[in-house]
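Down below is the structure, laid out as structure tokens.
There are 2 protein chains.
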Amino acid sequence: MATGHIPEATVARLPVYLRSLTELAAAGDATTSSDVLAERAGVNPAKVRKDLSYLGTHGTRGVGYDVRHLTFEVSRALGVANTWPVVVCGLGNLGRALAKHTGFTERGFPVVAAVDIDPAITGTTVDDVPVHSPDQIAELVAAHGVAIGVIATPGNAAQETADLLVAAGVRSILDFSSTVVTVPDHVEVRTVDLSTELQILGFHLHQDLPPEVGKTP
Amino acid sequence: MATGHIPEATVARLPVYLRSLTELAAAGDATTSSDVLAERAGVNPAKVRKDLSYLGTHGTRGVGYDVRHLTFEVSRALGVANTWPVVVCGLGNLGRALAKHTGFTERGFPVVAAVDIDPAITGTTVDDVPVHSPDQIAELVAAHGVAIGVIATPGNAAQETADLLVAAGVRSILDFSSTVVTVPDHVEVRTVDLSTELQILGFHLHQDLPPEVGKTP
DNA sequence: GTGCGCTTGTGAAAACGTTCACGAATTCCG
DNA sequence: CGGAATTCGTGAACGTTTTCACAAGCGCAC
């Protein structure tokens, strides 16, 4: 089975496997199994095997997977050898937390700059990340080779920010703004909406509630 | 079609529709169509119609949907009339941002307390949210009727925190910790992993790259 | 009223994702 | 060496989600 095309659902799980593999390696395990990986990733073992089969990687029947080799295969599939500089737009509570977040750099996504419209903070730094004004987005992207923009602005500035990022040549956007931003086909947007997540949880809580009184008879 | 069972995929989109409806109402539109909603939600019009059909709600053929009535129906399906108090665990960069985030309260998810293991900050407040120590989780949950816990701790404290939340009676967990937490069946966990999101974007960037040189011939 | 244009609601088809179940490959042990 | 125990890889079955396509209902114009 060639590395031809990896389903989206699988791609979304690869980072979880990679993390599990790193932990296993740190624990000194040389080999592992789909059962162990499934347990750690919180999924079904068959799913692990099928996911890994898309990588064209091969475990050994009766034995399992070589942790080092599998780590290499998953890393290669994800392209983690690449470093993708990121710019964070909007330095509210969330944007500031993202700019300070050290986990990004560790995984190959260094925050090279932040952008905010407030002139009081442009020119300053947030944990060594320089803060610029929005009209400098194009320069920043060009200077650092930024491919990913993070939008953490208020909703009403999100589309405008996205437009600036796209015009500057950014090809991927991670949007925390609780709005749907429209971009050209060649740009990928992933939306993380914290309120929506809570509303989904709230839906299930609500569902489990005893049926309401006062319904129309 | 009865309100019997709403597919998960639909539930995940209802908050987006609800937001669009609120905007349309604010703009003074009395009626709208699946096309308009689809445009705003960034989805296919047929999907909007099918999603809404699960609510047992009825638009008017040839006319569209009544914005006020549809808002009511979607709100009811989501159970937004309920208020679900939330406790935020872990006051690092992200936890602090979440505790300060005003959007939660606006949508019926007030952050009633925060929890951190650092004795230097327990007893203080973060934007009026009181900070307690982890061993007070049970009391907090009981006192405020908390049903949802947010985990924003470092990864190594996540499972432990989840256990405390579950023991205290929390039924839903929103996990930002980049780990897979294990909980009993009656507890729902949603995971938001920021690094994973970036890695998925990175995967596609990597895929679009010209094929690497130096492959085995 | 009758006809026309618009928009919903929904079967049916297609695409996608998950899980099952089992053959095949490997190791280990007696 | 032969058989039991593992564990992978994968075709097939199943379930979910998306999309299509069109009949049915509604309003307006005349």
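Just so you know, the sequences run in chain order A and B. Just so we're aligned, residue 2 is where the first sequence starts under the working numbering, counting upward by one. Just so we're aligned, residue 2 is where the second sequence starts under the working numbering, counting upward by one. Glycine included, every Cβ here is placed at the ideal spot set by N, Cα and C.
In the DSSP assignment, what are the bridge partners of residue i?
i: residue 198(B); result: Answer is none; residue 198(B) lacks a bridge partner.
i: residue 115(B); result: 89(B) and 132(B)
i: residue 64(B); result: Beta-bridge pairing links residue 64(B) to no other residue.
i: residue 142(B); result: The partner list for residue 142(B) (beta bridge, DSSP) is empty, contrary to what the question assumes.
i: residue 127(A); result: 130(A)
Considering only residues of the same chain and omitting the five flanking positions on each side of residue i, which have a CB-CB separation below 7 Å?
i: residue 218(A); result: Annotation note: pLDDT 38 at residue 218(A) (below 50); position unreliable, coordinate value reported separately. Nothing listed; no residue qualifies.
i: residue 83(B); result: 109
i: residue 216(A); result: Annotation note: pLDDT 43 at residue 216(A) (below 50); position unreliable, coordinate value reported separately. No residues qualify anywhere along the chain.
i: residue 146(A); result: 86
i: residue 125(A); result: 132
i: residue 21(B); result: 38, 41 and 42
i: residue 123(B); result: 117, 132, 133 and 134
Listing by chain order, which chain A residues have their CB less than 8 Å from the CB of residue i?
i: residue 97(B); result: 94 and 98
i: residue 91(B); result: Correct list: empty, because the minimum Cβ distance to chain A is about 12 Å.
i: residue 179(B); result: 20 and 104
i: residue 13(B); result: 197 and 201
i: residue 16(B); result: 194, 196, 197, 200 and 201
i: residue 108(B); result: 196, 199 and 200
For the alpha helix (DSSP H) containing residue i, name the first residue and the last one.
i: residue 17(B); result: 9–27
i: residue 152(B); result: Run containing residue 152(B): none in the alpha helix (DSSP H); it sits in the beta strand (DSSP E), 149–152.
i: residue 46(A); result: 46–54
i: residue 34(B); result: That residue, residue 34(B), is in no alpha helix (DSSP H); it is neither H nor E in DSSP.
i: residue 106(A); result: 104–107
i: residue 164(A); result: 156–169
i: residue 81(B); result: Looking at the DSSP string, residue 81(B) is not in any alpha helix (DSSP H), and its letter there is neither H nor E.
i: residue 96(A); result: 94–101
Apart from the five residues just before and just after residue i, which ones in its own chain have a Cβ nearer than 6 Å to its Cβ?
i: residue 60(A); result: 66
i: residue 149(A); result: 85, 87 and 173
i: residue 25(B); result: 33 and 68
i: residue 7(A); result: 55
i: residue 35(B); result: 46, 49 and 50
Note down, in chain order, each residue of its chain lying with its Cβ closer than 8 Å to the Cβ of residue i, except the 5 sequence neighbours on either side.
i: residue 214(A); result: Because residue 214(A) sits at a pLDDT of 47, beneath the cut-off of 50, its placement in the model cannot be relied upon, and the following sentence gives the value as read from the coordinates. Around residue 214(A): no qualifying Cβ.
i: residue 2(A); result: Here residue 2(A) scores only 49 on pLDDT, less than 50, and its place in the model is too uncertain to base an answer on.
i: residue 153(A); result: 89, 90, 91, 92, 93, 95, 96, 99, 177 and 178
i: residue 155(B); result: 91, 93 and 178
i: residue 103(B); result: none
i: residue 81(B); result: 19, 108 and 109
i: residue 106(A); result: 112
Taking Cβ-Cβ distances shorter than 7 Å, what residues in chain B pair up with residue i?
i: residue 198(A); result: 175, 191 and 193
i: residue 149(A); result: 199 and 202
Would you give the residue range spanned by the beta strand (DSSP E) that residue i belongs to?
i: residue 176(A); result: 173–176
i: residue 191(B); result: 189–192
If the cut is a Cβ gap below 9 Å, which residues of chain A does residue i touch?
i: residue 152(B); result: Chain A residues near residue 152(B): none, gap ~12 Å exceeds 9 Å.
i: residue 79(B); result: 200, 201, 203, 204 and 207
For residue i, return the contacting residues in chain A, with the cut-off set at a CB-CB distance below 7 Å.
i: residue 101(B); result: 94
i: residue 42(B); result: 181
Quick one: does the C-beta of residue i sit closer than 8 Å to a heavy atom of the ligand HEM?
i: residue 200(A); result: The ligand HEM is not among the ligands present in this structure, which contains no ligands whatsoever.
Residues of chain B with CB under 9 Å from residue i, in chain order?
i: residue 83(A); result: 203, 206, 207 and 210
Just to make sure I have the definition right: I need the residues of chain B whose C-beta is within less than 8 Å of the C-beta of residue i. Which are they?
i: residue 170(A); result: None at all; the shortest Cβ gap to chain B is about 12 Å.
Answer yes if the stretch 94–102 of chain B comes into contact with the stretch 86–98 of chain A, meaning at least three C-beta pairs across the two stretches below 8 Å, and no otherwise. yes
Could you tell me whether the stretch 9–19 of chain A touches the stretch 197–212 of chain B, where touching means 3 or more Cβ pairs closer than 8 Å? yes
Inter-stretch contact (C-beta, 8 Å, three-pair minimum) for the stretch 134–149 of chain A and the stretch 113–123 of chain A: yes
Are three or more beta carbon pairs between the stretch 157–169 of chain A and the stretch 177–194 of chain A nearer than 8 Å? yes
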